[in-house]
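Protein chains in written order, with the numbering used here: chain S, 1 to 793; chain P, 794 to 1056.
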C-alpha cells in the first residue's frame, strides 16, 4: 500500500497480531461485587448495577497509534466471562482453558485464584447454565448426551445476534435516551400496580446502565489527557487531546462529525459485549448510518477521504480486538474466537433505490487494508439496483484472499424478513447478522441460533431404530427396524418421524431457554437503543422490541441426509442393487469388510452435481423440516430455522455412525449447505445449481454456502468478471449467500507444518473467518479436504 | 414438455461434459467432448479422446465415454443457461475430433443455436467440407487447430497429411456468414512447429484469409501424461518442456506481422 495512512494501520495491525489471547477475570469480579452489594433488589437492577460497576472500574488502556479507543477487557484480545450466565464453565475448565484444543485462553495463576475465591462461590447453582442443568428434562438430556442435538450454547452466553439501534444511538446519544427514561420514570406512580412497578424497574435499569456507559467514555477522556501530558511527541499529543475531546462528547451526546460517530458506535459496541459476552452485536449498514456525517465533513473540508479511510480502518482493528470466550464444547462448534460482528454494504434505501455510496466502497477497502478476521464484512447485493462497480470492488476483495465480503442476494434477505413477520415497509432495511442470519436495526429480537440438529443423526436413528451407534442405548424414538421397510414410502415415514422428534426435543429446550432468559437475562444496555422498549417499558429480553421472532434452530448435515435418502431410493428401491438387510449389515460394521456395498453407496447420485434425481430431496426434506419447526410456537412467535453450521459439522459428526450416503462413522458431516467434500465433481456452477433447490427464503436464519477457489483461477480482468458472473448467477438462482475461500492447498498444508509463518492466513471456516493456524487440526484438515474447484481460468 | 427436433434421438459417444470452463470460448462454457479422432498427435493432452470406442483404464477404475442422445446432451447444456446469461457463455463442442461424429454434432449445434445458446467448436477440420459446412451455418465460433504447415512433418507428428485441413481453412476463411468467427490455434511444440520458417509460413497463409479473426498460440503442456499412464499408452515426448514466456513472445512477434496474434 502506498497510502500514507497505512503506516498507522500496519503498526496497529502488527500490535494486534502480537497480543496473546488471554482470559479476563476482573469484569466478572466487578459483576459479582455489585450483585453482592444489591442482594434483594430485582434482578434487573442487580444486573444494571453490576454493568455500571464494570464500566466504572474495569482497567482501561489506550495504545500507541490509536485514534479510536476502548476495549472490553484489561487488554486487547482477552475473553471475558459473564458469571451470571455461565460461571461454572471456567470452573470446569480451570486447568485446561489455557491449553485446550479449540480457542485456548491463557489464564494466569493469579486470576485463577481471584476467580475461585471471589467469583465462583457466589454463582454456584445460580448462574443460568447451572439453572438449566438443574431443570433440563430427561428427553433433552438423553438426545444431547447421545450427540444428536447440541443444546447448551445459549445457556453459556446470552443475547447478541442482533443489530443494535445505531440510528437511535447517533440521533439521541446515551444522554438523550437516559433523559427519556427519566421522564418516563417521573410520569409513573408505583401505586398503580405491579405492571407499572415493573416498568419503573426497567426504566431505572436503563438510567443506571446509561450512567455507567457515560462514565466509561469519560474515563477514556481522562486517560487520554493524562497521556497527552506525559508525551513529548507533539503530533501524538494532539491526537490524544482529540481523543479526549471526542470521548468527552460521545456516546453521551449525538456526534457532530464522522470521527465522533465512529467512536460513539465503538464505545456502545464494547458496552454491549460486556453486558452478555455474546457474539454478533452487528454493526449493520454502517455505510447508511454514517454517510451524512461523512458527506458533511468532506463537503465542509474538515476531513479528507484518506482520513476517513484511516478512521474506518482503525475502527475495524478495534472490532477485531474483541475475542469471544466460550466453553470448550461450544468453541469446537464455532472455533476461531469468532465474534461474527457483521458490517454490510450496499442494498437499497427506503425508496427502493440504489443505496451504494462512498462508504460502501470504503468499508470493503477497510477489510482489504486490515486483513483481519473481524468485522465480518458482507455485501447486500441487489442485482437490479447496485452498480457493477460495487460488485467489482467486492470481487477484488474476495480475490485478494481476504475471504470477505460474503455476498447476499438482497431479495432473498428481504423475503426472509417478510417471512419473519416484518412488513416490506421496513424489510428493505434488513441487515445480515452473525454468520448468515437476518436482522433489523434496533427493532427485532430473537436468538438466531439456539442449538443444532444433526441431520446425519436423523438418518443414523432411522437406520438403527433410535439407538446410539456409540453406546447402543436407546436415545431417540423407535421408528421400526429398517429391514422390515417394504417400500420407499415406509422409509420416508421413518425419516419424518425422527425429524419430528428431533424438532420436538429442540422446542422443549427452547421453552426453558425463553423462561430462563426472561427471568435472568435483562439487557438494559441493549434495550437503550430499541425505541419500542422505551415506549412499552419492557426490556428487550421480555419482548420490548418492535418485532419479536421465535428463536432459530440451526440445521447441520444437509448433504448427509439428502445423499442418504437418494442412496436408499436408488440402490434399494429403484435399481435394486442392494437389499435393506445388506445395507444395514454394512452400516452396522461401518462398511469394514463391506467394500462392495460401500462402493455402491458412494456411486449413488450425490447432491452438488446439478442432478435432479438427488436434488429434489433437498427441496422436499427441507420444506418438510421447516414446516415442522414453524409449527412450534413461543411467546415471541413461531420457531425459525437456519443452516449455518459454523464449524459444528466436525464435532457433531463424532456421534453419527456410518450412513447410506457412504459417509463412514464419526467423520464430519457436510459443511454448510454444500456438498460432501469430494462428491461434487462438476464444478462451482453445478454446485450452485444444486444448492438452489433448497427452500432458501423459508430458512429465515439464513443458509450458508462456502466455495473455495484457487487464486490462480481468478487472474486478470477476465478472472474478476468470472467472479462477478458467479455472484450474479447466485442471485438469478435465488441462492441467499455465498462466500469464497481463495487459498490454495499447498499454502494450507504448509501452514499446518509451519504455523508461525502463516499467523495471518485467513480462511472462511463457515459463516465466519478465522486464522487458519488457530483452528484445531481436524478442522484444518476438513478445510483442506473441501473440494477445490479448478475450472476457472 | 417433450421438445421435438431433427436428430433429437441420434446417439453419439461422448467422452465427458465439463462445466464452467473459461478456456473454450467466451464466458463460462459447457464443453461437450466427443470421443474419437482421426489424428494421432504425439503431444495430445486428451489421449482418452482418441479412440471412438468406450474404454477403461488398466486398473478398471475409470471408464472413458458413454453413449448419449442429442437430447440427453442438450439436457445437460440447458442446466447452465443462467451462467451463459450473465457471462455471454454457451456450449462448446470439442474432442477427440467432433467431426468424427458429424450427424450427431450437426444436430446438437443446430438445436443449441435454435434455443438461443451461443455455440462454438474446437476442431482440426480434418474432414470433408460437406460435413463441415452445415455446422458452420449455425455456429458462433470455430477454433481450428493448425498444427504444421509442412505436410510431411504434419504426417510424421499427427499421422495424417494437412492438405484437407488447409483447404477447409481456406474455404472457411472466405465464407460469407455474418455472425461467424474463425479463430486459428497453434499449439507450440518446441522443436516441432516453432521454427521461424514454420511460423513465417503460417502467418503468410493466414494473412490471405479475410474471415480469420485472429491466431492464438498455445504453449505445449504435459497435463495429459497421467492419462497415458492410466491407459497404458506410451508417451513419446517424455522430455519435452513447456516453452518459456519469452519464447512464446518471440513466436508471436513473427506471426503478428501477418495476422493479429495472441498468446
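Glycine included, C-beta positions come from ideal geometry on N, C-alpha and C. The structure displayed is predicted, hence computed values, not measured ones.
- Closer than 7 Å to the CB of residue 921 (chain P) there is not a single CB belonging to chain S.
- Under the 8 Å Cβ criterion, the region 627 to 642 of chain S counts as touching the region 698 to 705 of chain S, having at least three qualifying pairs.
- Between the region 450 to 457 of chain S and the region 148 to 161 of chain S there are three or more inter-stretch CB-CB distances shorter than 8 Å, so the stretches are counted as touching.
- For residue 554 (chain S), there is no enclosing alpha helix (DSSP H); the enclosing beta strand (DSSP E) covers residues 552 to 556.
- Rounded to whole angstroms, residue 308 (chain S) and residue 269 (chain S) show a C-alpha spacing of 20 Å.
- Counting along the chain, residue 911 (chain P) sits inside the beta strand (DSSP E) bounded by residues 911 to 916.
- Cβ-Cβ separation between residue 880 (chain P) and residue 915 (chain P): approximately 18 Å, too far for a contact (criterion under 8 Å).
- Non-local beta-carbon contacts of residue 632 (chain S) in its own chain, meaning distances under 6 Å to residues more than five positions away in sequence, involve 507, 639 in chain order.
- Relative to the Cα of residue 129 (chain S), the nearest Cα in the group S:207, S:524, S:91 belongs to S:91.
- Per DSSP, the continuous alpha helix (DSSP H) segment holding residue 411 (chain S) begins and ends at 410 to 419.
- Residue state for residue 236 (chain S) is assigned as helix, using DSSP reduced to three classes.
- Residues of the region 214 to 245 of chain S with a C-beta less than 7 Å from any C-beta of chain P: none at all.
- With distances taken between CA atoms, residue 219 (chain S) lies nearest to S:252 out of S:503, S:252, S:206, S:424.
- Legend: CB atoms of the region 1023 to 1034 of chain P lying less than 7 Å from CB atoms of chain S are not found in any residue.
- No residue range can be given for residue 671 (chain S), since it is assigned to no beta strand (DSSP E) and is classified by DSSP as neither H nor E.
- Put simply, the backbone Cα of residue 431 (chain S) is about 7 Å away from that of residue 163 (chain S).
- DSSP lists S:706 as the bridge partner or partners of residue 739 (chain S).
- Annotated three-state conformation of residue 65 (chain S) is coil, per DSSP.
- In this structure, residue 975 (chain P) lies away from residue 1048 (chain P), with their beta-carbon atoms at least 7 Å apart.
- Among the residues of chain P, those whose CB is under 8 Å from the CB of residue 683 (chain S) are 811, 812, 813, following chain order.
- Scanning the region 311 to 335 of chain S from its first residue to its last, the whole alpha helix (DSSP H) runs of 4-plus residues come out as 328 to 333.
- For the 7 Å CB-CB criterion, residue 622 (chain S) and residue 695 (chain S) form a contact.
- Interface annotation, residue 420 (chain S): not in contact with chain P, CB-CB separation never under 7 Å.
- Ranking S:157, S:359, S:480, S:205 by CA distance to the CA of residue 179 (chain S) puts S:205 first.
- Between residue 691 (chain S) and residue 705 (chain S), the C-beta spacing is below 7 Å.
- Taking 8 Å as the cut-off between beta carbons, none of the residues of the region 363 to 383 of chain S comes near chain P.
- Judged by their CB atoms, residue 1033 (chain P) and residue 1012 (chain P) are not nearer to each other than the 7 Å cut-off.
- Interface with chain P (7 Å Cβ-Cβ cutoff): residue 84 (chain S) is excluded.
- Counting only residues of its own chain and dropping the five nearest sequence neighbours on each side, residue 538 (chain S) has a CB closer than 7 Å to the CB of 202, 544.
- What residue 873 (chain P) touches in chain S, judged by beta-carbon distance under 7 Å, is 685, going in chain order.
- Taking the C-beta atoms as reference points, residue 382 (chain S) is found no nearer than 7 Å to residue 413 (chain S).
- For residue 880 (chain P), the closest Cβ of chain S is nearer than 7 Å.
- Linking residue 75 (chain S) to residue 340 (chain S) through their CA atoms gives a straight-line distance of about 20 Å.
- As a beta-bridge residue in DSSP terms, residue 433 (chain S) pairs with S:437.
- Closest in alpha carbon position to residue 833 (chain P), among P:1036, P:1045, P:1026, P:1046, is P:1026.
- In the DSSP assignment, residue 961 (chain P) falls outside any beta strand (DSSP E) and lies within the alpha helix (DSSP H) extending over 956 to 965.
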